[in-house]
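Okay, structure first, notes after.
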DNA sequence: GCTTGACCCTGACGCAGCGTCAGGCCCCGA
DNA sequence: TCGGGGCCTGACGCTGCGTCAGGGTCAAGC
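Chains as they are written, first to last, in full-length UniProt numbering: chain A, 1 to 253; chain B, 1 to 253.
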């Protein structure tokens with residue numbers, strides 16, 4: 001006969017664990033000796049090890065109990081599900097390891113170096129800090145969901161800055177943003193310039209899959225939520241025959 | 001600007017989670033708008049994703065917070081420890097998968113077939129149910145800790161049963177066990193027979209490593225705890241020059 | 001016989017990491 | 001103006017034990 005401490009030691013658990021399993025009816029209460037001590041037989045060791053084997057696989061104790069008094073077919077099925085779950089869990093931890101690794105390898109999670117370079121360029125051409133902060137937040141948002149996007153698109157954005165008209169556009173936007181939030185007087189000029197640039201670049205980019213548009217949708221939404229004047233500006237663009245914001249499209253009509 | 005719901009969606013967590021992180025000071029409380037709504041910037045998304053990246057690796061939130069305001073060197077060190085922990089955890093789950101598999105592949109965890117065969121043989125030679133139950137519990141105990149032991153030793157035990165004196169020994173023990181627990185009158189006869197068998201088999205087995213003796217120690221202890229007469233029997237054996245129980249040894253003097 | 005230390009007993013509160021009401025305000029589209 | 005969805009602040013619930021608190025028991029040594 002075994003005491004609770006010996007039982008626990010053989011099964012590799014604590015005494016408290018055994019008592020807990022009694023309390024929730026997972027392990028039947030054994031006989032007591034004269035002084036009230038629980039006295040176990042070896043079958044309890046087996047039962048306990050079986051319970052721990054299942055519980056170690058991440059199965060909640062309530063389901064372990066359900067498994068113990070299930071018929072063999074149901075039991076086997078449950079085992080299969082547990083194994084599947086274990087496989088998924090291992091996979092999850094492995095991707096977690098990769099992400100942790102990326103965290104260690106410089107703060108690429110925070111801001112990709114390409115974006116930093118782009119923001120520096122924006123400052124260099126005279127964009128306001130507000131403007132830069134807005135751009136930064138937008139790219140952070142996009143990068144959080146589609147980590148590869150900034151790397152693919154930033155070079156294109158930087159190249160655009162070679163065009164003096166693009167530079168002028170950013171300065172106009174900066175001035176507009178720094179002014180009174182209710183002052184929409186400078187927006188038509190901005191819209192005209194954007195249309196001019198859009199007409200010129202044409203529709204080379206149309207034909208991209210809808211999936212690729214998600215990040216741009218997000219940035220559009222972000223711009224609109226950041227400042228009420230973005231809404232007015234989009235209206236002005238639509239009047240001129242263009243829709244969307246960060247990726248312009250001719251309105252089809 | 002983002003609402004709490006949008007923030008949560010971008011980071012892939014629930015609103016409740018974000019609020020919880022505010023409550024425990026893991027994520028700073030943002031500004032509120034006129035109606036008391038929290039208003040987030042994209043940096044919050046980044047912070048939240050960073051938190052989740054670390055927490056997903058199984059790091060408790062308290063330690064996540066400690067990491068967030070640690071210097072880069074300490075941070076890198078912590079990341080290393082997390083990675084180690086992840087590796088261990090993956091390994092643990094993989095062994096768990098193997099054990100679950102053994103559970104599915106027949107109840108080898110409960111009683112190895114060799115032991116079942118051995119118990120049947122014991123019944124066949126006339127051992128009492130009490131005796132068989134005691135043997136069963138002993139082998140269960142051993143098998144729980146050293147799964148390969150029964151497979152290696154049971155054939156030897158079965159072979160021993162070919163000797164009529166061994167059969168007589170088991171019958172004597174059965175009778176003794178089924179009698180009054182205080183009745184030790186039949187023990188000397190048992191001891192004499194055990195000594196006879198021990199003298200004959202000699203000390204072929206001496207030289208085994210100490211590690212190999214653990215299971216036998218366990219079975220000795222189990223026998224003693226099962227019945228007070230086992231203690232008396234061991235005394236009688238020692239008087240006759242032999243120590244231990246399930247694996248006899250000449251007393252060195 | 002008495003102490004000491006290692007066990008055993010029950011009962012109860014504590015902890016992480018949120019889920020999930022409850023009760024109430026706010027915003028937007030029809 | 002009404003309904004549905006989203007926001008707010010509490011506050012209790014859940015799992016799987018750890019960890020006292022406040023007691024009895026057992027074996028060993030003096």
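Where a beta carbon is used, it is the ideal one built from N, C-alpha and C, also for glycine. This one's a predicted model, so the numbers in the text were calculated from it and none came from an experiment.
The Cβ atoms of residue 189(B) and residue 232(B) lie no closer than 8 Å to each other.
Beta-bridge pairing by DSSP links residue 31(B) to 39(B). Residue 5(B) places its beta carbon less than 8 Å from that of residue 15(B).
Cβ atoms of residue 100(A) and residue 100(B) stay farther apart than 8 Å, at about 27 Å. The continuous alpha helix (DSSP H) containing residue 74(A) extends over residues 72-104. Cβ proximity to chain A below 9 Å picks out nothing from the stretch 17-35 of chain B. In the DSSP assignment, no residue is bridged to residue 122(B). Rounded to the nearest angstrom, the Cβ distance from residue 170(B) to residue 234(B) is 18 Å, too far for a contact under 8 Å. Close partners of residue 57(B) in chain A (Cβ separation under 7 Å): 96 and 100. From the beta-carbon of residue 37(B), no residue of chain A is found nearer than 7 Å; the closest lies around 12 Å away.
Of the residues 126(B), 142(B) and 148(B), the one whose Cα lies closest to the Cα of residue 11(A) is 142(B).
Proximity of the stretch 67-80 of chain A to the stretch 73-93 of chain B falls short of the contact definition, fewer than three beta-carbon pairs being nearer than 8 Å. In the three-state reduction of the DSSP assignment, residue 242(A) falls in the strand class. In the structure shown, residue 2(B) adopts extended strand secondary structure according to DSSP, grouped into three states.
Counting of Cβ neighbours within 10 angstroms places residue 150(A) among the buried residues, the total reaching 16 or more. Counting only residues of its own chain and dropping the five nearest sequence neighbours on each side, residue 50(A) has no CB closer than 7 Å to any other CB.
Annotated three-state conformation of residue 113(A) is helix, per DSSP. Under the Cβ criterion of 8 Å, residue 190(B) is not counted among the residues facing chain A.
Counting the other CB atoms within 10 Å of its CB gives residue 113(A) a total below 16, which places it among the exposed residues.
Counted as a single uninterrupted DSSP element, the alpha helix (DSSP H) harbouring residue 173(A) occupies residues 164-178. In this structure residue 21(A) is buried. Its beta-carbon is surrounded by 16 or more other beta-carbon atoms within 10 angstroms. Here residue 186(A) carries a coil assignment [DSSP, helix/strand/coil]. For residue 118(B), the closest C-alpha among the options 164(B), 32(B), 30(B) and 156(B) is that of 156(B). In chain order, 11 place their CB closer than 6 Å to the CB of residue 48(A), counting only its own chain and leaving out the 5 sequence neighbours on each side. Residue 29(A) and residue 23(B) have their C-alpha atoms some 42 Å from each other. Going by C-alpha positions, residue 129(B) is about 40 Å away from residue 93(B). The shortest CA-to-CA distance from residue 32(A) to any of 43(A), 179(A) and 1(A) is the one to 1(A).
Within chain B, the residues 41, 42 and 43 have their CB atoms less than 8 Å from the CB of residue 137(A), given in chain order. For residue 174(B), the CB contacts under 6 Å within the same chain, skipping 5 residues up- and downstream, are 127, 128 and 131 in chain order. In the DSSP annotation of this structure, the continuous segment of the alpha helix (DSSP H) that includes residue 153(A) starts and ends at 149-160.
With 16 or more other CB atoms across the displayed protein chains lying within 10 angstroms of its CB, residue 138(A) is buried.
Distance from the CA of residue 39(B) to the CA of residue 7(B), rounded to the nearest whole angstrom, comes to 9 Å.
When DSSP states are grouped into helix, strand and coil, residue 14(B) belongs to the coil group. Taking a Cβ-Cβ cut-off of 8 Å, residue 51(A) has no neighbours in chain B, whose nearest Cβ is about 11 Å from it.
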